[in-house]
Structure formats: C-alpha cells, structure tokens
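Shown next, in structure tokens, is the structure this report addresses.
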Amino acid sequence: NENLKKTVLVVPISLDYDKVYEVDGYANQLLGKPKEKESLAVLLRSVWDLFFLRLGHSYVRFGEPVPLTASSSLQGSSQLVAERMQTSGTITSTAIVSALLMWKRTYVTDEMLEARTVWLVEELEKRAATVAHVENDAIAAHALSILKVTTKSNGIVAPQLQYPVRALELGFYRNHLLHIFLPEMAVIGALDAALRQQSKCETSASSKHKVDLWVVQQQAEKIWRFLRHICRHESIDIEARLEQFLADAIECDVDDSSGTVTVDLSRWNTSKLTSFVLSLNWSFMDSLWLTSLGLWRLLPTAEDDDSEHTERDIVRHVQVLAKELFLRQQLSHAEALCSESIKQSLDFLVEIGVVRYERSQDGKSRVLRLCSAPSGSDSVRALEDLTREVNARRKPHTFLWRQDELPRNLTPIAEANQRLVVMMLRRLHSSSVLRVPRGFSPSFSHCISSTASCASPDTSSSTSDGSQPPVHVPVLLHETVASFTRNVSDVSGPRHFVDGTAGFGGHSKAILQHFPDAKLLCVDRDPEVLGIAQTNLRDFHGRVEFQVGSYANLAVHLEAAGFPEEVDGILVDLGANSFHFDAGRRGFSVLNNGPLDMRFNQRDGDQPTAADAVNSLSEVQLTKVFRDYGEEKLAKEFAKAIVREREERGKVFETTRDLRECIERIANM
C-alpha cells in the first residue's frame with residue numbers, strides 16, 4: 001500500500017577502544033605534518049603491529065533507537081543519532097587516565113593516580129556514565145601500559161605532555177568523556193571567569209568574592225554555545241543547570257534579592273571537581289583565543305588592500321603563532337596547536353557572525369572576511385573585544401605578584417619620577433614583567449620579593465666594566481632573618497653565619513645589622529659579584545669574610561676563613577642572578593649579544609666556556625644538556641641544527657647571537 005507510512009528505526013551503535021591504532025599518525029597530521037605515504041614497509045609494519053601491539057579492550061553498545069518518519073528532519077535525526085551514539089558509549093580506562101594525566105600536568109605518582117582514578121570513576125557513575133569493566137584499582141595500571149606511559153623506578157608517572165604529539169594523543173582519549181561534563185564545563189568556566197575578573201577589582205583580602213549572577217549567566221550561555229559546537233550534546237537549559245549547580249555547591253551562596261552569588265574562594269580553589277572540569281575547558285579556550293588572534297590577519301593593511309585569505313591560510317598562520325607562544329611558554333596546552341581544534345573554533349566564529357565565507361575572486365576557493373566594517377575602528381574594536389573576552393576564560397598564569405599593580409612590599413627607591421620598581425622574574429626559558437603604569441619612569445630591580453622592604457640602593461659599587469650594577473632587592477628578607485632568630489638559642493659567644501650565595505650582599509647586610517655580634521662568611525662563585533658585595537658590606541669590616549667558590553665546598557671555605565666547623569645558620573638562595581642575564585659580556589642570555597661564555601668565574605682561564613661546549617659536544621651530548629638541564633622541548637632538533645652548522649658549514653659559535661640565530665630557525669619552523 002503506497003499510502004501506508006512506515007517508521008524506520010535507526011539504532012545507534014557505539015564502538016569504543018582502549019587504544020585506537022591510527023591515533024599516533026593522526027596526531028602528527030593535526031600538527032601539520034604530511035600523511036605517511038602507503039608503501040610495502042608501512043603495510044608490513046601494520047600487520048606486525050596487529051599481532052604484537054597491545055590494544056586493550058573494545059566495547060560495543062547499542063543506544064536508544066531513533067525513529068525516522070516522513071516528517072523527520074535529516075539534520076535533526078542525524079544530530080540525535082550522533083548524540084545517542086555518544087551517550088551510549090563506554091568511558092574506557094584510557095579515557096579516564098588520559099583525562100587525569102592532563103588535569104594538573106605536574107608531578108604525579110602512581111599512587112596519586114590510582115586515588116584520583118577512584119575519585120573520577122565515582123564522579124562518572126554519579127552522572128550515569130558507563131565505565132569500563134576494569135576494577136577501579138587496576139584501571140590506572142592497565143591504561144598506562146596501553147598508552148605506553150612510563151612510570152619511573154621511584155613511582156613518578158611521566159606522560160611527557162610537553163610534546164605536542166603526545167598531548168594530542170592523550171587528548172584524543174580524554175575527549176571521549178567531555179560530553180559527560182559538558183554542562184559543568186560551561187557553568188564552572190563561566191563562574192571562574194567572573195571570579196577572576198572580580199578579583200581584579202577587589203581591594204580587600206577577603207576570601208569571599210561576590211559576583212553578579214546575570215554576568216555569570218551571560219558567560220555560561222556563550223561558553224555553552226561554543227562547547228556544543230565542538231562536542232555533540234543534547235539541548236539543555238543552561239541557565240537552569242547553573243541555578244542547580246549554585247544551589248548544590250557548598251562554596252556558593254546565592255542572594256536572590258540582590259542578584260549576586262558569594263563564592264568562598266578557599267573552597268573554590270581547593271575543589272577537585274572545579275579544578276578537573278576547568279582543565280577540560282582550558283585547552284579549547286586556548287584554541288579559540290589563538291583563532292581570535294589569527295583573525296587580525298584579515299584586517300586590511302591599506303585602503304586598497306584586497307588580499308584574500310583562505311581557511312587553510314588562517315589555520316597555518318594560527319599554528320605558527322601557537323608554536324611560537326608554546327616555545328616561549330606563554331601557551332600552556334600543547335594540544336591547542338591541533339589544526340582540527342582551530343578549524344572548529346573558526347567555524348564557531350563563522351556561526352556567531354564574527355567572520356563569513358565567500359568565494360574568492362577567481363572562484364576557485366572559499367575565503368574568509370570579517371563581518372564588521374571592512375576597514376576602520378569597528379573591525380579593530382570588534383576583534384579587541386573578542387580577544388579580550390576569550391582571553392578572560394583561559395587558564396590564568398600564576399605570579400608572585402599581581403600583574404596590575406606594584407607589589408605592596410616595595411617602597412620608593414628614588415624621588416618623584418623614579419618611584420617605580422619593575423619586577424622581573426628571569427628564568428632560562430621565559431621572563432615575566434610587571435606592566436608599568438603611565439606617568440612613571442621605570443627603574444629596574446631584578447628579583448622576587450615577598451614581605452621584605454626595599455632598602456635604599458647602594459650605588460657606590462660598580463661592575464668590572466665600570467657600569468653600575470642593578471638595584472637589588474633581596475627575596476624573603478624578613479623571613480630569612482626571622483628564621484635565623486628563631487633557630488639561634490646559644491648567645492654565650494659570637495654567632496657564625498654563612499651566606500652561601502652572597503650575590504650583592506643584600507641578605508648578608510640584613511643579617512649583620514640584626515645580629516650586632518655575629519660574624520658572617522660570604523661565599524659566591526662569581527668574583528665580580530663578590531667584589532660588589534665587599535663594597536656594599538664595607539661598613540662591617542672585621543665581622544665578614546669573603547671566599548670565592550661554591551657552597552658545595554663549604555668545609556674548605558670555613559677552614560680558610562677561620563670559622564668553626566659548626567655554624568649557627570646557613571643561607572643558600574637557589575636560583576640565577578639576573579645580573580648575569582642582563583650583562584651581555586657574561587654570555588648567559590641570548591637577549592643581549594656577547595661572547596658565548598657562561599662562566600661564573602671569568603678569571604679562571606682553565607674553566608671551559610659555553611662556546612667550548614657548543615663547538616665540541618656531540619649531538620647526543622648536546623641533546624642531553626638541553627633536555628636534562630634546560631628542559632627544552634626541542635632539545636634534539638636544536639642539537640641537530642648546531643651539529644649540522646658545525647659540520648656542513650664550518651660554523652664556529654663564538655657569540656650568543658650565533659647560537660640564537662641557529663636555534664631561532666628551528667623554533668620558528
């Protein structure tokens with residue numbers, strides 16, 4: 001009967017695997033590397049892997065059927081099938097462990113991982129998720145073996161997430177549980193962004209912050225729209241879900257009369273669920289932020305600029321930018337380099353009307369255009385607002401000071417226009433600088449300070465080249481002196497202290513001032529720096545001794561200075577002296593050109609320089625130096641580039657610029 005209308009049932013089938021064989025190659029392709037060509041060797045390797053590679057368990061589950069009728073919408077039905085395939089799936093052990101490894105991305109032992117696994121399984125079961133049949137206490141060990149994650153002899157798990165390919169591999173498995181937490185990702189992400197924005201306006205040190213409920217709702221709506229774009233999920237009332245979360249969360253107190261919610265930050269910041277859900281959110285926010293930055297390329301450079309940019313152009317540009325920021329450690333999530341995440345973010349920006357697709361002038365491809373005015377302030381303002389809004393949802397960077405104000409423990413170091421100290425944290429890989437408010441002329445103090453007050457700078461000393469050394473503010477000055485005061489009980493005779501890293505003598509001076517009868521031994525490997533300390537401590541003549549060398553040989557220095565074998569206190573300020581990085585002639589930094597030296601004691605002619613190492617060490621040895629001592633992600637690539645320059649071009653590395661130009665070519669690839 002042609003008039004008889006039949007209903008067809010489409011049964012969603014979910015197939016889940018502990019390990020997907022193609023993930024390794026897929027991750028490389030997402031980073032822009034070409035797909036490996038088919039060959040007999042590739043075929044044989046695949047067959048070999050099928051017999052000997054551990055792939056773990058596979059799970060087949062059937063979802064609730066979707067009826068198809070004459071009135072069914074193709075788009076609606078296909079979306080419903082996809083959603084039910086996802087909700088009927090099994091959360092595998094590899095998905096659980098990958099999510100946990102990508103959670104804090106810090107030190108974790110196998111015992112810590114097992115405890116977190118039990119917690120996460122409980123959270124998944126609360127949300128009616130189907131979890132792998134493996135016992136809770138065996139999930140971690142099973143997944144680590146499948147994922148080939150190394151556990152060291154001391155129990156430390158090393159997932160190597162600093163490598164983008166590895167981060168994408170684990171991210172592939174982690175993403176299989178996103179749909180379980182997707183509504184909470186929107187709710188918690190919105191509340192966290194509102195709290196951080198509010199904290200910038202707070203002047204009190206209260207542990208409770210009050211935020212506008214309407215602001216949180218607006219944020220949640222925007223984040224939810226983006227998350228639904230990247231991960232299939234049934235349509236829900238996100239505002240109702242937010243209200244439910246606030247009612248259940250012990251750290252939140254809603255005041256309906258004022259339309260605000262008060263959050264206990266101490267509980268919020270220590271909540272496992274909050275921290276875990278935010279970790280699921282942040283890598284995608286990084287991708288959206290990077291894509292927003294990439295849209296600046298669409299702005300015309302001149303009035304007659306009619307250049308066109310395809311989707312592929314923008315994706316490549318964003319990936320280059322992402323790699324640069326990742327190498328500078330200004331991007332926390334390596335998986336944000338993924339081309340697929342960037343494309344999804346770009347499609348989302350098309351969906352919300354920020355950009356649009358149109359045919360190119362030759363009609364052969366699609367190009368992207370900004371939806372706002374083609375030129376002028378409207379386009380710029382729209383991109384500024386978009387970038388700022390997305391950036392507020394990203395993972396915050398933690399500092400020892402607030403970025404938007406001068407640390408309260410710093411006092412003026414000069415008069416009138418010299419009233420600002422710019423703090424800098426110098427490390428081998430990155431630097432963070434406080435923004436300078438307008439109207440001030442900056443003076444530099446290379447240090448980190450906690451509760452110490454800055455003493456007036458001593459400008460009477462000078463470096464070996466006659467220049468003035470930087471003003472120095474000792475770190476944790478009051479705490480250090482207080483610690484020595486607390487630990488010293490015998491006052492019958494003169495006290496003996498040791499400053500094993502004397503530097504410019506800031507801590508030494510405070511100790512000598514606080515203990516009028518104390519004698520102090522100042523040790524430093526750098527005779528130039530120790531000479532500055534001698535000048536700064538000239539008022540304590542007779543109470544202080546100086547020894548050039550390392551605190552590792554303290555017994556030798558004590559004997560040479562006539563100090564007893566047992567002293568009342570030893571101070572060692574571990575870290576680098578920023579003076580070495582700023583003085584180009586010392587050769588510690590590629591920021592300022594100078595001889596490739598890096599010796600603490602430049603007067604020791606027998607001590608090898610950095611140039612000696614760079615020009616003589618093998619590729620394996622250089623890789624070990626960069627990887628083990630510099631924690632460099634591209635250690636092997638840098639070492640290979642240096643050796644190639646030496647052997648193929650006869651390059652002799654003499655200056656820091658020589659080294660910088662060599663590794664920059666690799667870092668920018």
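Counted the way UniProt numbering counts, the sequence shown spans residues 1 to 669.
Backbone N, C-alpha and C fix where the C-beta goes; we use that ideal spot for every residue, glycine too.
*Report the residue from 243, 548 and 600 whose alpha carbon sits nearest the alpha carbon of residue 256.*
243
*Do residue 177 and residue 91 come within 8 Å of each other at the CB atom, strictly closer than that value?*
yes
*When burial is assigned at 16 or more other CB atoms within 10 Å of the CB, is residue 133 buried or exposed?*
exposed
*Do the CB positions of residue 197 and residue 209 come within less than 8 Å of each other?*
no
*Can residue 61 and residue 93 be called in contact, C-beta distance under 8 Å?*
no
*asked:* Going by DSSP in three states, residue 25 sits in which element: helix, strand or coil?
replied: helix
*asked:* Which residues does DSSP list as the beta-bridge partners of residue 546?
replied: 522
*Any idea which residues DSSP pairs residue 358 with across the strands?*
367
*When burial is assigned at 16 or more other CB atoms within 10 Å of the CB, is residue 384 buried or exposed?*
exposed
*First and last residue of the uninterrupted beta strand (DSSP E) at residue 14*: 13-17
*With DSSP as the reference, label residue 293 as helix, strand or coil.*
helix
*Report yes if the CB atom of residue 271 is closer than 8 Å to the CB atom of residue 251, and no otherwise.*
yes
*State buried or exposed for residue 96, treating a residue as buried only when at least 16 other CB atoms are found within 10 Å of its CB.*
buried
*asked:* Considering Cα atoms alone, identify which of 477, 69 and 348 is closest to residue 573.
replied: 477
*Which whole-angstrom value is the C-beta distance of residue 45 and residue 64, which I expect to be below 8 Å?*
40 Å between Cβ atoms; not a contact.
*Apart from the five residues on each side of it in sequence, which residues of its chain come closer than 8 Å, Cβ to Cβ, to residue 120?*
96, 99, 100 and 276
*Between residue 241 and residue 86, is the Cβ-Cβ spacing less than 8 Å?*
no
*Roughly how many angstroms separate the alpha carbons of residue 658 and residue 630, rounded to a whole number?*
19 Å
*Residue range of the unbroken alpha helix (DSSP H) whose run includes residue 126*: 110-126
_Can you find the residues in the same chain that come closer than 6 Å, C-beta to C-beta, to residue 108, ignoring five residues on each side of it along the sequence?_
157
*Using the DSSP secondary-structure output, state which residues sit across from residue 496 in a beta bridge.*
519
*Keeping to the same chain, check which residues put their C-beta closer than 6 Å to that of residue 346; ignore five residues upstream and five downstream.*
291
*Cβ-Cβ separation, residue 557 to residue 521 (assumed contact under 8 Å), whole Å*: 6 Å
*asked:* Measuring only the C-alpha atoms, how far is residue 583 from residue 180?
replied: 53 Å
*Proximal residues to residue 249 (C-beta, below 7 Å), its chain only, five neighbours per side dropped*: none
_Please tell me whether residue 390 and residue 289 are closer than 8 Å, where the distance is taken between their beta carbons._
yes
_Just to confirm my understanding: we take residue 234, look at its own chain, exclude 5 residues before and 5 after, and list those with CB closer than 6 Å. What are they?_
83
*asked:* Between residue 671 and residue 355, how many whole angstroms is the CB-CB distance? I'm expecting something under 8 Å.
replied: Any answer about residue 671 is impossible in this case: the structure gives the chain only from 1 up to 669.
*Per DSSP, which one or two residues make a beta bridge with residue 255?*
260
*Touch check for the stretch 562-582 and the stretch 609-627: three-plus C-beta pairs under 8 Å?*
no
_Limits of the unbroken beta strand (DSSP E) element including residue 211_ = 208-212
*In whole angstroms, what is the alpha-carbon distance linking residue 359 and residue 308?*
10 Å
*Please classify residue 330: is it buried, with 16 or more other beta-carbons within 10 angstroms of its beta-carbon, or exposed?*
exposed
*Sufficient close CB pairs (3 or more, under 8 Å) joining the stretch 493-502 to the stretch 517-536*: yes
*Return the chain-ordered ranges of every alpha helix (DSSP H) run that is complete within the stretch 134-187 and spans a minimum of 4 residues.*
136-147 and 164-174
*Decide if residue 647 is buried, meaning its Cβ has at least 16 other Cβ atoms within 10 Å, or exposed.*
exposed
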